[in-house]
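Add 186 to the 1-based position in the sequence shown for our numbering, that's all there is to it.
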Amino acid sequence: MATVIRLRREGTKNRPFYRIVVADKARARDGKFIELLGSYDPVGKNQESPLKLDRVEYWLSQGARATDTVKTLIKKAKKTTAAAA
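Laid out in structure tokens, this is it:
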């Protein structure tokens with residue numbers, strides 16, 4: 187089973203909200219997923235995105251591939267946690 191870390195669109199029209207999930211590559215974008223890793227709100231004023239970095243590292247070590255957008259969000263999350271520590 188090929189797994190991928192990607193964004194799952196939720197929210198309403200003109201007000202998107204995304205959840206970062208691990209899913210089977212063959213599943214639909216908004217379909218069934220394996221694990222919820224975090225969220226991303228592109229329109230929200232609070233740009234801090236809660237992301238479970240330990241679980242992200244676990245899935246990447248298991249062979250999951252992250253999409254380009256998710257890779258960018260992971261880098262931002264690592265940078266903010268490093269700056270906070």
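Just so you know, even glycine gets a beta-carbon here, dropped at the ideal spot from N, CA and C.
Here the structure is a predicted model, which is why all the values come from computation and not from measurement.
Proximity of residue i and residue j at Cβ, strictly below 8 Å
i           : j           : result
residue 211 : residue 190 : yes
residue 201 : residue 225 : no
Spatial distance of residue i from residue j (CA atoms)
i           : j           : result
residue 266 : residue 213 : 31 Å
residue 195 : residue 203 : 6 Å
residue 248 : residue 269 : 27 Å
residue 198 : residue 236 : 21 Å
residue 261 : residue 243 : 12 Å
Close Cβ partners of residue i (< 6 Å) along its chain, the five nearest in sequence each way excluded
i           : result
residue 188 : 211
residue 241 : 223
8 Å contact criterion, which residue i and residue j should meet: CB distance rounded
i           : j           : result
residue 264 : residue 239 : 7 Å
Own chain partners of residue i with C-beta closer than 7 Å, once the 5 adjacent residues on each side are dropped
i           : result
residue 208 : 189, 191, 219, 220, 221, 223, 245, 250
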